[in-house]
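1 is the number of the first residue of the sequence shown in the working numbering; add one for each residue after it.
Single-structure report; data block below.
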Amino acid sequence: MIIDGKQISQSLKDAMKIEVDALAEQYGRRPCLMVIIVGDNPASRSYVRGKIKATEYCGFDGHLVELPEDVSEATLLAEIDKLNNDPLVDGILVQLPLPKHISEDKVIAAISAEKDVDGFHPENVARLWLNQHCILPCTPKGIIELLDQAGVEMAGKKAVVIGRSNIVGKPVAKLLLDRNATVTIAHSRTKDLAAVCREADILVAAVGRAKMVTAEYVKPGAAVIDVGINRTEDGKLVGDVDYEAVLPVAGAITPVPGGVGPMTITMLMRNTIECFLERQILGKSYVQKHFQLRKFLIDMDINEQKYIPQYLSHYNSIKCTCSQLKRKCCGIWKVSKRRKKHGISEQNEGTYITRLQ
Ligand code: NDP
């Protein structure tokens, strides 16, 4: 089976487009993503174009901030600070790599963790590894979504991730672990890499070496996710996997282009919506937050034929009566007199949405 990332990502974007219109109606504004690019690196320019195109497609407010190659670190940090403090900005992305005179670590840490749609801020990284609610990095999040959409079972399966970078290898390994796979992270010092990979039911290649993963790396029937983006001498885009050779062996495989790449951008859109919602619903004072969330839970009762949008993916839906919900989720849901106003009684059965953490 070919896992068609392009088609999956298109249908997710179509769904988000509807969600964004609904959000704009409900909150009077659209999610806003600001993308900062420094200099004229052609690859960066092309990635940024794709991101801005996706924001336009999904109906976001999105803007590009272009800074010259020789911009000082202080000016870039001041620009980020301005966006951090702008209440109408939900997500900030600084396109990497940055020119050598600017510290990427400093820049990533300067973005407010709540607006860090790339999921690279140290606070989001720490929260990921501590199993706390966080913004997930886009490529790893997209890989899990692809596996889910392709119906690939992860629990109890052996997964091998080739590559241990902070933006792909390590976080995707953690997400596979969270889905109860038994995970091995391989890298340039791994001995007999082909034999290690042949053990895998799920093989993720995030190396950056054209067609390195040949058929002898792949267990028959395995799901193979190719993250690599490499240019051959004749200018062709290829992955880390020798697609033609592996296709007959793998049970499922992502192509390059048209696999992980489009999903990365789509997950960036998803993260922006989630940041928007966090700020609209939860980014208030403690009292406002709980009042709004409570009202929101009532509004989302699907007995009233309201649909549950995808941006609530990190929320949990529970089918139960109102009084059962009160017991399960005390702290978040406190049934009050207000409930009567909304016509909800203790025995009202419905699907209620609660935050996971
Ligand atoms: P990095 O260069 O940061 O990491 C590459 C990893 O591969 C390192 O951990 C390195 O090991 C390992 N590696 C290198 N050579 C070998 C080898 N011969 N055998 C085994 N492991 C090896 O890359 P990224 O993680 O940033 O990206 C990986 C690829 O994915 C690139 O092609 C990149 O363009 C692409 N990419 C695609 C995205 C998408 O949206 N589709 C998004 C992000 C990246 P060691 O640590 O030992 O050096």
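Ideal Cβ placement from N, Cα and C applies to all residues, glycine included.
| Item | Value |
| --- | --- |
| Thinking C-beta only, is VAL227 closer than 7 angstroms to VAL168? | yes |
| Taking 6 angstroms as the cut-off, is the beta-carbon of GLY261 closer than that to any non-hydrogen atom of the ligand NDP? | yes |
| Please confirm whether ILE111 and ILE135 have their CB atoms less than 7 angstroms apart. | no |
| Can the beta-carbon of ASP240 be found less than 7 angstroms from the beta-carbon of VAL213? | yes |
| Quick check: does the Cβ of ARG198 come within less than 6 angstroms of any heavy atom belonging to the ligand NDP? | no |
| Which partner residues of GLU274 appear in the DSSP bridge assignment? | Answer by DSSP bridge pairing: none, since GLU274 is not bridged. |
| What whole-angstrom Cβ distance do LEU64 and ILE37 have, given they're in contact under 8 angstroms? | 7 angstroms |
| Can you list every residue whose CB sits closer than 7 angstroms to some heavy atom of the ligand NDP, going in chain order? | THR139, ILE162, GLY163, ARG164, SER165, ILE167, VAL168, GLY169, ALA186, HIS187, SER188, ARG189, THR190, LEU193, ALA206, VAL207, GLY208, ARG209, MET212, VAL227, GLY228, ILE229, ASN230, ASP240, VAL260, GLY261 and THR264 |
| With 16 other CB atoms within 10 Å as the buried threshold, where does LEU147 fall? | buried |
| Grouping DSSP H, G and I as helix and E and B as strand, with all else coil, what is CYS134? | coil |
| Assign LYS211 to one of two classes, buried (16 or more other C-beta atoms within 10 Å of its C-beta) or exposed (fewer than that). | buried |
| How big is the Cα-Cα spacing for VAL35 and GLN95? | 7 angstroms |
| Would ASN131 be called buried (16 or more neighbouring beta carbons within 10 Å of its own) or exposed? | exposed |
| Where does LEU83 land, buried or exposed, given buried means 16+ other C-beta within 10 angstroms? | buried |
| Helix, strand or coil, according to DSSP, for ALA78 in the structure here? | helix |
| Cα separation between VAL249 and GLU216? | 9 angstroms |
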